[in-house]
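What follows is a short report on a single structure.
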Amino acid sequence: MEYISSSNKNIWIGELIKGRDSTKKLQNLLPRKIYNDGVLANDLVVKILGSFSNTLSTLSSLGPGELSPVISPCCNDRALDSDEIEKKPKDRRGCYKRRKTEDSRIKIVDTIEDEFAWRKYGQKEILNAKFPRCYFRCTHKSEGCKALKQVQQLEDGSEKFHVTYLGYHTCQNIHKDTQMFSDTSALKFYLNFKDPNINYSSPSSHSTITNANITHSSEREDDSNAQSDAHHLATSNDDKQSIALWKDIIGNLESPHEDIFKNGISVDDFKFDENVFLHI
DNA sequence: CCTATTTGACCGGG
DNA sequence: CCCGGTCAAATAGG
1 MEYISSSNKN IWIGELIKGR DSTKKLQNLL PRKIYNDGVL ANDLVVKILG
51 SFSNTLSTLS SLGPGELSPV ISPCCNDRAL DSDEIEKKPK DRRGCYKRRK
101 TEDSRIKIVD TIEDEFAWRK YGQKEILNAK FPRCYFRCTH KSEGCKALKQ
151 VQQLEDGSEK FHVTYLGYHT CQNIHKDTQM FSDTSALKFY LNFKDPNINY
201 SSPSSHSTIT NANITHSSER EDDSNAQSDA HHLATSNDDK QSIALWKDII
251 GNLESPHEDI FKNGISVDDF KFDENVFLHI
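If you count the first sequence from 1, position 119 lands on 119 in full-length UniProt numbering, and the numbers rise without skipping.
Here is the structure:
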């Protein structure tokens, strides 16, 4: 297996960013509601974006020499001596990489419900915040889907929630069909939020949000996720421009920079998340 | 049995 | 070392 060098890595990242940005432009060019064999064109674009984003975030977090199969130290079943008590907590050092904060979409909504199925994996008290922050990951993580979601209730008494989406869904069957909560109180009970009537000392809640798109949507949940409303921006469908973008994207994938693959890495070494180009 | 949630421990960036 | 993000054992519930 080939090792990654820092120069190679930058080339890879550059190519991926070009592909991702072209895909975003293409998404804005796509007319709404293009179906082919029941597949919505924008859904495909979203999946492509997801693959770009996930690959970029994975690649960005890798250091030199980490391209080959990543084996975390904690996952090595080092031989446990018999005198090593089983209750000893595991050494989890190096177990997880923190994800870059890029590609986050922030929304202010009045329900944490959206069309995706999420599984809660954590909750934290945040310093100087009245309400805890809840952490969710996609239910289909086992399929390799890296989408995450963070939820925190606003402190302005508006009963709204600050939701941050991180990463994109790459899973199949991403749309869930049922509503989990019928009303806000059940939802708040579920989230285990503190009683908003109690006075907690909370300094000026500054809202400096960087590196993210902010969307205020007070109406319904149907645009609570960037993946479903991104094509709102679609205005023109300039076919020539569209074709050029496709060529740009596919070209990036099929004939990558010579330097990338000259060291014995072949395209066969890559396994794409989905066969997104089959229908195109 | 299985899957989902809870919750304190753990990790790592700043 | 602090704080926020994640892990994973214990627990809940179908």
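Each residue gets a CB set at the ideal place from its N, CA and C atoms; glycine is no exception.
Local conformation of residue i per DSSP, three classes
i	result
N124	In the sequence as displayed, the identity of residue 124 is Lys instead of Asn. Strand.
H140	helix
T164	strand
R98	coil
K146	coil
I34	coil
Q152	strand
R20	helix
F52	helix
S158	coil
I112	coil
K107	strand
Residue i versus residue j: straight-line alpha-carbon distance, rounded
i	j	result
K124	G167	20 Å
V151	K141	18 Å
G14	L29	23 Å
C171	N36	20 Å
G50	K130	33 Å
I106	T55	21 Å
K24	T58	20 Å
W118	G144	14 Å
R20	C95	28 Å
Y200	S158	Because Y200 carries a pLDDT of 40, less than 50, the predicted location of this residue cannot be relied on, and the following value inherits that uncertainty. Taking the straight line from one Cα to the other gives about 17 Å.
residue 355	L26	Residue 355 lies beyond the stretch modelled for the chain, which goes from 1 to 280, so this question has no answer here.
S53	K18	12 Å
L16	G122	31 Å
D103	V46	13 Å
W12	G38	33 Å
The ligand NAD heavy atom lying under 8 Å from the CB of residue i
i	result
F116	Ligands in the displayed structure: none, and consequently the ligand NAD is not present.
Own chain partners of residue i with C-beta closer than 8 Å, once the 5 adjacent residues on each side are dropped
i	result
L148	R99, Y135, F136, R137, C138, Y165, L166 and G167
L40	K33 and I34
N10	none
Buried versus exposed call for residue i [16 or more other C-beta atoms within 10 Å across all chains shown]
i	result
D156	exposed
K146	buried
K120	exposed
L127	exposed
Cβ-based neighbour list, residue i, same chain, cut-off 6 Å, excluding 5 preceding and 5 following
i	result
residue 281	In the structure as shown, the chain begins at 1 and stops at 280. Residue 281 is therefore absent and cannot be evaluated.
D110	K160
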